[in-house]
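Novice: For reference, the structure I am asking about is given below.
Number of protein chains: 2
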Amino acid sequence: MSFTEYAEKSLREKGYKLTKPRRQVLEAIEKAEGPMSPYDIGKMMEGKGRHLDQVTIYRVINLLCSLNLVHKVFSRGGYVRCDLQEEEGCHRFLVCRGCGHLQEYRDEALCRQESQVAQKLGFQAEHHVTESSGLCKDCQG
Amino acid sequence: MSFTEYAEKSLREKGYKLTKPRRQVLEAIEKAEGPMSPYDIGKMMEGKGRHLDQVTIYRVINLLCSLNLVHKVFSRGGYVRCDLQEEEGCHRFLVCRGCGHLQEYRDEALCRQESQVAQKLGFQAEHHVTESSGLCKDCQG
DNA sequence: AGCCAAATGCAATAGTGTTGCATTACTGCC
DNA sequence: GGCAGTAATGCAACACTATTGCATTTGGCT
């Protein structure tokens, strides 16, 4: 199931309407190579002769983020599609400082250990957001 | 050694000048309870009859961040002083979704494991940025 | 005291994000 | 297939975040 298909299914199931702007934003994010800013998405639309209000784009992105269909990448700015679809747990990113390449992954053991460390500090962790920077396979050596 | 003392020492040692704006920003961040935006710092100054240019504040903050004397808190916006001073490694945050309380910590084992997981994916991690959300001691139960 | 590189102030500009309200358009129902 | 009602969008305005270039100032040195 493609990203867009999965996202549209998720929206339906949760009772959200499947509107034209939402389809368009999903399509834009599906096609994008890396993180897109709402502004980028607007420009892409404009380039195709369509028009989408910036506010609408923000609202769509917020919705998609809240459903974990899209993630914000803090260290680079912008938003990317979630590549792990229905995989539960905390999704993390590896961000290459060489080429900017982004890889999403998930690791249950890491999540568990992180929560344990928090517990020792009296904190009950619910969600972890992690972005690691370094060098990807192609940029090493 | 207080935050400001330590920061001023670090600046000197690395050859950065100890200017009035830098002292003022350090003082503001030292006193602040939680994350401050550059705009907040500007307003705080204005309130005391002093004036600091926004651009200058940004530049000072960027410098302090690059020296790890101050961290940006992505999930809340704004910047906080580093509470771990000279402790090496990746500094992480626990962010309470109840009261907004922020706690900084460090855990070498976690760091190592995170790098190992990345390694298995062919990625050579250098630095990890983590913010966990959940409930602090006071907000549980 | 004076030098000078580093840092600041100012002006302009661009990107990011939010709110309120009137209008439109999905979805479910007949 | 049309209708009703609610959810979502468009528009306008606004506020915050952040960057660049250049003229001017100043901290740290001799």
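Keeping their order, the protein sequence lines are chains A and B.
Each step along the first sequence adds one to the number in numbering that gives the first Met the number 0, with nothing skipped, and position 55 is 54.
Each step along the second sequence adds one to the number in numbering that gives the first Met the number 0, with nothing skipped, and position 128 is 127.
Glycine included, every Cβ here is placed at the ideal spot set by N, Cα and C.
Values in this document were obtained by computation on a predicted structure and should not be read as measured data.
Starting from B:Val128, find everything on chain A with Cβ-Cβ shorter than 9 Å and list it in chain order.
Specialist: Going along chain A in sequence order, the residues near B:Val128 (Cβ under 9 Å) are Phe73, Ser74, Val128, Thr129, Glu130, Ser131 and Ser132.
Novice: When the Cα of A:Asp82 is compared with those of A:Lys13, A:Pro34 and A:Leu10, which residue comes out closest?
Specialist: Comparing Cα-Cα distances from A:Asp82 to each of A:Lys13, A:Pro34 and A:Leu10, the minimum goes to A:Pro34.
Novice: What are the start and end residues of each continuous alpha helix (DSSP H) run of 4 or more residues lying completely inside the region 95-126 of chain B, in chain order?
Specialist: 107-119
Novice: Does the region 25-40 of chain B touch the region 75-90 of chain B, meaning 3 or more C-beta pairs lie closer than 8 Å?
Specialist: yes
Novice: List the whole-angstrom C-beta distance separating A:Phe122 from B:Gly133, where the pair is believed to meet the contact cut-off of C-beta under 8 Å.
Specialist: That belief holds up - the Cβ atoms of A:Phe122 and B:Gly133 are roughly 6 Å apart, short of 8 Å.
Novice: Measure the C-alpha to C-alpha separation of B:Cys89 and B:His126 and round it to an integer number of angstroms.
Specialist: 6 Å
Novice: Please specify which runs of the alpha helix (DSSP H), each continuous and at least 4 residues long, are wholly inside the region 27-51 of chain A, giving them in chain order.
Specialist: For the region 27-51 of chain A, the full-length alpha helix (DSSP H) segments reaching 4 residues or more read 37-46 along the chain.
Novice: From B:Gln141 to B:Lys16, what distance separates their C-alpha atoms?
Specialist: No answer is possible for residue 141 of chain B: the residues shown for chain B start at 0 and end at 140.
Novice: Should B:Gln23 be counted as a contact of the ligand GDP given a C-beta to heavy atom distance under 7 Å?
Specialist: The ligand content of the structure shown is nil, which means the ligand GDP is not present either.
Novice: Does the distance from the CB of B:Lys8 to the CB of B:Leu66 come in under 8 Å?
Specialist: no
Novice: For A:Phe2, which three-state DSSP category applies?
Specialist: helix
Novice: Going along chain A in order, which residues have a C-beta closer than 7 Å to the C-beta of B:Gln102?
Specialist: Leu120 and Phe122
Novice: What's the C-alpha gap between A:Arg96 and B:Ala6?
Specialist: 27 Å
Novice: Would you please verify whether the beta carbon of B:Val79 is less than 8 Å from any beta carbon of chain A?
Specialist: no
Novice: Could you please give me the residues that DSSP links to A:Leu134 through a beta bridge?
Specialist: B:Gln123
Novice: May I have the straight-line CA-CA distance separating B:Ile40 from B:Ile56, to the nearest angstrom?
Specialist: 8 Å
Novice: Who are the Cβ neighbours of B:Ser131 in its own chain at under 6 Å, not counting the five residues just before and after it?
Specialist: Leu93
Novice: As an exercise, report each continuous beta strand (DSSP E) stretch of at least 3 residues that is fully enclosed by the region 62-96 of chain A, in chain order.
Specialist: 69-71, 78-80 and 90-95
Novice: Using the beta-carbon count (16 or more within 10 Å), is B:His70 buried or exposed?
Specialist: It counts as buried.
Novice: Compare the Cα-Cα distances from B:Met0 to each of B:Leu120, B:Gln84 and B:Asp137 and report the closest residue.
Specialist: Here the closest residue by C-alpha is B:Gln84.
Novice: DSSP state of B:Thr129, grouped into three classes?
Specialist: Here B:Thr129 carries a strand assignment [DSSP, helix/strand/coil].
Novice: State yes or no: is the beta carbon of B:Leu93 nearer than 8 Å to at least one beta carbon in chain A?
Specialist: yes
Novice: Shortest alpha-carbon distance to B:Leu63 belongs to which of B:Leu120, B:Ala117, B:Arg11 and B:Ala124?
Specialist: B:Arg11
Novice: Classify A:Leu17 as helix, strand or coil using the three-state DSSP reduction.
Specialist: coil
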